[in-house]
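A quick write-up on the structure given underneath.
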Amino acid sequence: MDYNAMELMICLAARALEDGSTVVVGTGAPCAAAMLAQKTHAPNLMILFEAGGVGPILPTMPISVGDSRTFHKAIMASSMPDVMEACQRGMIDYCFLGGAQIDKYGNINSTVIGDFHKPKVRFPGSGGANDLASLCWRTMVITPHDPRRFVEKVDFITTPGYLTGKGAREAAGLPPGTGPYKIITNLCVMGFDDETKRMMVESIHPGVSQEDVVKNTGFELLWAKKVATSEPPTEEELRILREEVDPMRYIIGRQAA
Amino acid sequence: MDYNAMELMICLAARALEDGSTVVVGTGAPCAAAMLAQKTHAPNLMILFEAGGVGPILPTMPISVGDSRTFHKAIMASSMPDVMEACQRGMIDYCFLGGAQIDKYGNINSTVIGDFHKPKVRFPGSGGANDLASLCWRTMVITPHDPRRFVEKVDFITTPGYLTGKGAREAAGLPPGTGPYKIITNLCVMGFDDETKRMMVESIHPGVSQEDVVKNTGFELLWAKKVATSEPPTEEELRILREEVDPMRYIIGRQAA
Amino acid sequence: MAETLEAGLGVEDIGTGKLFMDPDPDKAREFFRGKSRALTDKVMSVKEAVSRFVQDGDYVAIGGFGTNRIPTAVLHEILRQGKKNLGLSGHTATHDFQIMAAGGVINRVDVAYVVGLEARGLSKAARRLFEEARIEVCEWTNAALAWRYKAAAMGIPFMPARIMFGTDTARYSAAKVIACPFTGKKLLALPALYPDVAIIHVHRADKYGNAQIDGISVSDLDVARAAKKVILTTERIVSEDVIRGDPTRTAIPYFCVDAVCEVRYGSYPGNMPYEYFSDEDHLKEWLAVDSNPETLEPFLEKYIYGTKDFQEYLELCGGEHRMEELRRLEFLEDGLGAS
Amino acid sequence: MAETLEAGLGVEDIGTGKLFMDPDPDKAREFFRGKSRALTDKVMSVKEAVSRFVQDGDYVAIGGFGTNRIPTAVLHEILRQGKKNLGLSGHTATHDFQIMAAGGVINRVDVAYVVGLEARGLSKAARRLFEEARIEVCEWTNAALAWRYKAAAMGIPFMPARIMFGTDTARYSAAKVIACPFTGKKLLALPALYPDVAIIHVHRADKYGNAQIDGISVSDLDVARAAKKVILTTERIVSEDVIRGDPTRTAIPYFCVDAVCEVRYGSYPGNMPYEYFSDEDHLKEWLAVDSNPETLEPFLEKYIYGTKDFQEYLELCGGEHRMEELRRLEFLEDGLGAS
């Protein structure tokens, strides 16, 4: 069955979300992934938005993480501090992030390219990204895969990955046991090596070569002992994604890279 | 016109409350005083209760500072932290306290008589008293006047008055500009001397002698340059107090000492 | 250590009291990581809830405000099941404290306000616990306990505050003094309080534990979030649609909650705002009998140990007829008299 | 200073950013002591509110969330009155930031999220401010600004938190690192943020400023309490009875508020929950024109400088007819399409 890279990324992200867990999502692909997970293997996945929406029944894709869709028939229309404090308390399992640059430890830049005081490019800044990546148990990243994004050294660490390697998060003061979990791109799925906390390729998408991945990554990747081929979307996943999650093709109609 | 000591105390307390100010009250005489003030010179006095009631239209005397009367037709039914934080922020002008013992600096004991670990008498403890006296601008005390209550040294400082004198509150860490304002008893009204922060008699109730006050006080009092005679309740005050504030005579029917 | 404090670099141990609960947010995070987030039916009897979620030795926080919106049925069941060595947060604990003191189920207490029933007078049974030194005590204030809950609800180990300075309340607490890193000012550091169990009575909840409270919430939003386990009693169990129909009104989300027990008149003899007023006659009777162990024992036997559940207690107290009177009082239907 | 930190005795200055606002709670207390607590009629025009309560140089906090429940009318009026050198809290400031950047009224910003409009793209006009170094910047995060407001609302000079560690976000912030006096763990100290003015759009308020918000409150409960002056715009002014009839619902009490302005559709082109959805076409037009000063100028002239008030702006944007379409979108009356 035909599918595009965005559909595959959403399906892979959805499968990484365990049933009975909690996830803070943004708009776009992460939200689609969480909705797909709810409609497939994880009916008890609870979705939160950082602006205060808790457990909505999403009628359509939100445009903003604070718009009225994010608390449509929700179990609670709360506040930003309430949601951030649930994260800090340890109640939130997953968060989803993007970014302009990411390094081999999963550190993310969404602030500036170039000098901070007179940047070449100014991006929005952390928003809630730093908070969620600091406080939620597992950070998921969905991002296009190219060498301008996957860089040896990010211009600015907006959001903590594993910083400089194993133990660095805890030494810096972040809650233990947290950190990047899966990086899902249009080429592959990566996790992190337990010993070094460096990014490690776990599966490569169908039709993508190991060389494609290397070529599009600006740092040296680690490779799992057995690099799998990413499981393509099932017919059922695609049907739900296309008919129920994103019938207007807001997300799945986009270019993934 | 005839009146009893409790009625006088309530009237004197009411008159000390400025219009357009905010006051946290408890049950009993303080609440009656605030209600009387609202119905006489201070229509814009805003009453709060520490459990969360803000700006109620009191239909009757509350029995508890958290009962449903305390937020009857209120402008907000909030929470204890919200009210306490308004105090800490500096938005609350007055609070009212009582206590088992009080010393010449206005320090109050409502915790124990005797040894802390095996007390002769155990009282309820601070409740919100310490908080309110620490954070509101002016602390009012309404209490019976006898030598067991007005003591040289309280067994336990539950709630800070001026501690050991001028500057002691600020040195200890309390917000500047706060402290006991008026002590209203069945014998007299006392304030605090600016230089020493010791309790100072400002007015003596009609029919009470200076000697009565001295005899009933376990420490040396200061005396204002001109000790006035406390202004008795007016006819109008008594009418409102008896007909509108406390028609069931819950409070004004009590013994003041 | 005053000098280092002045320099913005100090910690002063002013409190000599015992810290009953660990304020470490990482230990709490480990617990919360394992706590269920699933939307499952948590409706059960009070008996089952107490049996499953209150263990001997647990530290308990009670919602409401002493005689207002209190979870009486659970407190009675704790006595009936003979729980032992409970700790208690005495955050304006009045009738709730009186019940637990009478039942001898507590051995330690963080005190803000206990032993009194506000204007109603003092409980002798509760005082005896202290005067006979049968309970470990640590002193605090209402705001201190409120902010200790809030720190825990926020997932931080302490909350700075500007209270308690200069007093024996601080001296017999477990607070510390720190200097503000920005202003150099002294601040009281209040350790986070993560109760083992919170017990809260609400107006309505769905079967998952999403709950609404009408009127003041006292500290219950923070208590429910701070506690490791939460037992809700509710005047009414409502459908999920009621909750989702007005999500602005949700005070406690289901993922904080472990048990949902429907207990009509569950705050009796306390006041339940917009439902029924407190039964002042019955509270007076409590204060009278608990002045003496010899009158207290048969009273407890009659109303608590000798009843099988809260429904039987309500019947002994006048049942629906009395509840109707208290409803009329709540709604001021007989004029302004409150008792 | 890592060693003293380990010993629970240190303060580490990790932030090199500028602290725009004084976190001293005693200075704030002095201000709040003088703030009116009287129930007075505060209804006035947006023009009067901005003229009286927004001074050149003031530091401003905006309620809502970027394109949701934002006080657009006040932002336009700030441009129209040519206010200068404002500071801004960029707590997910999206369209609000875009307006203020376009108008050149701000010269410093605490950034959590600015220049972007979430999924809609980036504002070039907003980016130019940074890329041409025409604005002073201090970096934070959404939670950091939320908790900075909360510290101020609570009347304490800082809030401990567990975020930002190890990042350049912290390095370009004005946060400090302290050690927990109880656990020894590192905590980020976030300085209290007391804005000079908060501007918040709500669903309904009475003439005194008692206000209700339907749906998420984002940080507005804390913002309203933390700010020295508060301007409310409201979809509807309601009678005091509406407020007193359901006091559980009051989000902002009148004593925080200085001005109440009735502005129907006041969040346009943003979303107002339960009222109308965002006008994505108009927001797209904004993003298109602000990519270039030459297209931006006539756009601002047409929609803001050339209009006398928000009502005229609404008329230019399609008036009641367009608002009715956005109402239908909000209520999903034409199916699931959101734009």
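Chains A, B, C and D are the protein sequences, given in the same order.
Just so we're aligned, residue 65 is where the first sequence starts under my numbering, counting upward by one.
Just so we're aligned, residue 65 is where the second sequence starts under my numbering, counting upward by one.
Just so we're aligned, residue 162 is where the third sequence starts under my numbering, counting upward by one.
Just so we're aligned, residue 162 is where the fourth sequence starts under my numbering, counting upward by one.
We put the beta carbon where it would ideally sit given N, CA and C, even for glycine.
The structure presented is a predicted model; accordingly, all values stated were derived computationally and were not measured.
At the C-beta level, residue 366 of chain D and residue 385 of chain D stay beyond 8 Å of one another. Secondary-structure assignment with DSSP links residue 337 of chain D through a beta bridge to D:350. For residue 304 of chain A, the enclosing alpha helix (DSSP H) stretches over residues 299-304. Exposure of residue 292 of chain A is indicated by the presence of fewer than 16 other C-beta atoms within 10 angstroms of its C-beta. Between residue 247 of chain B and the set B:273, B:270, B:204, the nearest pair of CA atoms involves B:204. For chain C, the residues of the segment 82-110 of chain A that bring a beta carbon within less than 9 Å of one of its beta carbons are 83, 84, 85, 86, 107, 108, 109, 110, in chain order. Annotated three-state conformation of residue 263 of chain A is strand, per DSSP. Among the residues facing chain A, residue 187 of chain C is included, as its CB has a counterpart in that chain under 8 Å away. In this structure, C:297 is the residue among C:407, C:297, C:495 with its C-alpha nearest to the C-alpha of residue 181 of chain B.
Sequence-ordered contacts of the segment 235-249 of chain B with chain D read 239, 240 [C-beta pairs closer than 7 Å].
Chain order gives no chain A residues near residue 318 of chain C, where near means a beta carbon separation below 8 Å; the closest approach is about 11 Å. At a beta-carbon threshold of 7 Å, none of the residues of chain A lie near residue 355 of chain D; the nearest stands roughly 17 Å away.
Residues of chain D whose Cβ lies closer than 7 Å to the Cβ of residue 199 of chain A are, in chain order, 323, 324.
If you look at residue 311 of chain C, you'll find it in the alpha helix (DSSP H) that goes 303-315. For a Cβ distance threshold of 9 Å, residue set 186, 190, 315, 316, 317 of chain D lies close to residue 152 of chain B, ordered along the chain. If you look at residue 300 of chain C, you'll find it in the beta strand (DSSP E) that goes 297-300. The three-state reading of DSSP puts residue 396 of chain C in strand, counting E and B together. Residue 229 of chain C is bridged by DSSP to C:432. Residue state for residue 100 of chain A is assigned as helix, using DSSP reduced to three classes. Taking C-beta atoms as the reference points, residue 300 of chain D and residue 250 of chain D fail to come closer than 8 Å. Counting of Cβ neighbours within 10 angstroms places residue 477 of chain C among the exposed residues, the total staying below 16. Between the alpha carbons of residue 286 of chain A and residue 215 of chain A lies a distance of about 14 Å. Not flagged as an interface residue toward chain B: residue 395 of chain C, since no C-beta distance is shorter than 8 Å. Sixteen is the threshold: when 16 or more other Cβ atoms of the shown chains lie within 10 Å of the Cβ of residue 256 of chain B, as they do, the residue is buried. For residue 252 of chain B, no alpha helix (DSSP H) run applies; the uninterrupted beta strand (DSSP E) run containing it begins and ends at 252-256, by DSSP. Residues of the segment 151-182 of chain B with a C-beta less than 7 Å from any C-beta of chain D: 152, 153, 154, 155, listed in chain order. For residue 290 of chain A, the enclosing beta strand (DSSP E) begins and ends at 286-293. Within the same chain, and ignoring the five residues on either side of residue 80 of chain A in sequence, the residues whose Cβ sits closer than 6 Å to its Cβ are 246. Per the C-alpha coordinates, the member of C:444, C:429, C:443 positioned closest to residue 437 of chain C is C:429. Residue-level contact by beta carbon holds for residue 441 of chain D and chain A, with a gap shorter than 8 Å. Around residue 324 of chain C, the same chain offers 302, 304, 305, 349 as residues with beta carbons nearer than 7 Å, after the five sequence neighbours per side are excluded.
For residue 207 of chain A, no chain D residue has a C-beta closer than 9 Å to its own C-beta; the minimum C-beta separation is roughly 15 Å. Note on the segment 233-273 of chain D: whole beta strand (DSSP E) runs with a minimum of 3 residues are 247-251, 267-272, in chain order. For a cut-off of 8 Å, the C-beta gap from residue 207 of chain C to residue 357 of chain C is around 18 Å, too long to register as a contact. Close partners of residue 386 of chain D in chain B (Cβ separation under 9 Å): 146, 149, 150, 153, 155. Put simply, the CB of residue 274 of chain C is near chain B, with a gap under 8 Å to one of its CB atoms.
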